[in-house]
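> Numbered per my numbering, the sequence shown spans residues 50 to 135.
Note that beta-carbon positions come from the ideal geometry of N, C-alpha and C, so glycine has one too.
From a predicted model like this one, the values you see are computed outputs, not experimental measurements.
Input: one structure, supplied below.
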Amino acid sequence: SFNLISAFQSKQFFYDLVSRRRTQYARNLCAANRSKYKDPTDTRRKTDKLARVRGFFDSLDESCQKLHTSGDQLTIDKKLDPFRGT
């Protein structure tokens, strides 16, 4: 019988969903991040619960800031509508 949860957790589902090129790019990015921010003493992990992924998200944030420049027509909507969907 078909089990939806095991289908989502399988590697094949991920590979069918994401192209091979993007998968390889994500693997290389994560591997570079692990080696770049490796802390053998794990002192950072005692104070920072997100230490393992912080370097990746800092790099991602830095890249996004380099790629996006806001113009004169930028507006910020301060109203937060309640979620009504499913």
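Would you identify the three-state DSSP class for GLY104, choosing helix, strand or coil?
Of the three classes helix, strand and coil, the one that applies to GLY104 here is helix, per DSSP.
> For the candidate residues ARG71, SER68, LEU78 and GLN73, whose alpha-carbon lies nearest to that of LEU109?
Answer by Cα proximity: LEU78.
> If you reduce the DSSP assignment to three classes, tell me which class LEU78 lands in.
Correct three-state label for LEU78: helix.
> When the Cα atoms are used, what is the spatial distance from PHE106 to LYS95?
Approximately 19 Å between the Cα atoms of the pair.
> From ARG103 to THR124, what does the alpha carbon distance come to, in whole angstroms?
Taking the straight line joining both Cα atoms gives about 29 Å.
> Does DSSP put LYS98 in a helix, a strand or coil?
Here LYS98 sits in coil by DSSP.
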